[in-house]
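Okay, so the sequence shown: first residue is 46 according to this note's numbering, each after it adds one.
Idealized CB from N, CA, C, for every residue including glycine.
Quick caveat: nothing in here was measured; it's all calculated off a predicted structure.
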Amino acid sequence: MIETQEQRNLSNAFFKESLKLLNKAKIQYMLGGAFAMFNYTGIFRNTKDLDIFCKSSEYPHLLKCFATAGYRTELTDVRWLAKVFKGDYFIDIIFDTVNNICTVDDTWYTYAQDGKLVGVPVKFIPPEELIWCKMYVQNRERNDSADINHIFLRYGKQIDWQRLLSRLDQHWHLLLAQLLTFQFVYPADYNEVIPKWLFDELIRRAKEQYELPPPVEKVCRGPLIDQTQYQIDIKEWNYKTCTITTI
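Structure follows, in structure tokens:
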């Protein structure tokens with residue numbers, strides 16, 4: 046979809062008004078989504094919305110701030126998402142992910158990156174947290190694997206790989222799978238971007254899986270990355286899911 050200059054001016058005005066409102070209220074927040082992707086990769090996408098991240102204890106303050114300024118607000122899902130609307134434009138206020146794994150905490154603010162959007166000073170969510178969230182978006186309608194590859198390619202030498210591993214330590218298989226995909230997509234860049242110690246560590250873990258006895262419980266972790274396509278495993282094939290509520 047090609048955005049006209051008039052449309053871009055309107056969206057920029059919305060972004061500027063919203064961000065200045067938050068800054069004036071001295072509310073802690075970070076930008077994610079398309080603008081964080083642009084910050085770390087240079088890839089620009091037309092968008093009518095802002096993805097604003099904050100801790101779960103802070104989203105009521107954000108909603109009240111916008112409501113007082115005349116915006117329409119909505120607590121969409123108390124587990125992870127609220128929304129703010131003004132005309133054709135809206136803001137997603139995100140404090141977790143749909144699988145309740147990537148919960149925003151103080152560490153996000155510690156490593157957030159300073160920047161500007163439409164001339165307004167902002168903080169972007171850290172690249173490690175951006176990758177962490179995107180690892181779990183692997184459904185039919187949307188798959189963020191290419192986004193992660195582009196972050197690796199354009200920002201990989203500045204990524205704190207040890208911290209990224211700690212974020213994904215419980216689900217390290219996803220990180221290994223992504224590294225192999227990156228190796229396939231960018232064979233000329235892999236060695237310069239991905240630390241060998243990380244690849245070696247994940248391969249070691251993968252090999253150790255074969256030395257373990259099979260689990261007693263038949264578990265399908267598919268719903269952590271796709272809340273729809275793995276429903277058959279849970280509902281008909283008698284696999285047990287992780288302790289999340291699928292929607």
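Per DSSP, which one or two residues make a beta bridge with N188?
Q183
Where in the region 85 to 167 do unbroken runs of the beta strand (DSSP E), each at least 3 residues long, occur, reported from the N-terminal end onward?
94 to 98, 117 to 122, 126 to 131, 134 to 139 and 158 to 162
For M75: DSSP bridge partner residues:
F98
Relative to the C-alpha of L120, which candidate in D133, G132, S101 and Y134 has its C-alpha closest?
S101
Indicate the three-state DSSP secondary structure (helix, strand or coil) for K285 in the structure shown.
strand
With respect to the alpha helix (DSSP H) encompassing V264, which residues constitute its N-terminal and C-terminal limits?
Careful: V264 lies outside any alpha helix (DSSP H) and carries neither H nor E.
Does the structure place the region 250 to 268 close enough to the region 232 to 240 that three or more beta carbon pairs sit under 8 Å?
no
Count the other C-beta atoms from every protein chain shown that fall within 10 angstroms of the C-beta of Q223, then say buried if there are 16 or more, exposed otherwise.
buried
Grab me the residues of K280's own chain with a C-beta within less than 8 Å of its C-beta, minus the 5 sequence neighbours each way, in chain order.
none
Apart from the five residues on each side of it in sequence, which residues of its chain come closer than 7 Å, Cβ to Cβ, to I9?
Residue 9 is absent from the model: the chain starts at 46 and stops at 292.
Among R53, I97, R124 and F59, which one has its Cα closest to the Cα of R90?
R53
Which residue spans inside the region 226 to 250 form an unbroken alpha helix (DSSP H) run of at least 4?
235 to 238
Identify, in the order they occur along the chain, each residue of the same chain with its Cβ nearer than 8 Å to the Cβ of W242, setting aside the five sequence neighbours on each side.
none
Go ahead and label T118 buried or exposed: buried means 16 or more other beta carbons lie within 10 angstroms of its beta carbon, across all protein chains shown.
buried
Inter-residue spacing [alpha-carbon to alpha-carbon] between N188 and V182:
5 Å
According to DSSP, what are the bridge partners of F169?
L76 and Q158
Can the beta-carbon of G164 be found closer than 8 Å to that of N84?
no
Figure out for me which residue from L95, D122 and F140 has the closest Cα to the Cα of F130.
L95
Report the three-state DSSP secondary structure of L213 (helix, strand or coil).
coil
Straight-line Cα distance separating Y284 from F169:
38 Å
Under a Cβ-count criterion, where at least 16 other Cβ atoms within 10 Å of its own Cβ denotes burial, should I136 be classed as buried or exposed?
buried
First and last residue of the uninterrupted alpha helix (DSSP H) at E62
Q50 to K69
Let me know the secondary structure DSSP gives I204 once reduced to three states.
coil
7 Å Cβ shell around S56 - same chain, five flanking residues per side excluded
K93 and Y134
Count the other CB atoms, across all protein chains shown, that sit within 10 Å of the CB of V261; report buried if there are 16 or more and exposed otherwise.
exposed
Between E173 and D151, what straight-line distance do the alpha-carbon atoms span, to the nearest angstrom?
14 Å
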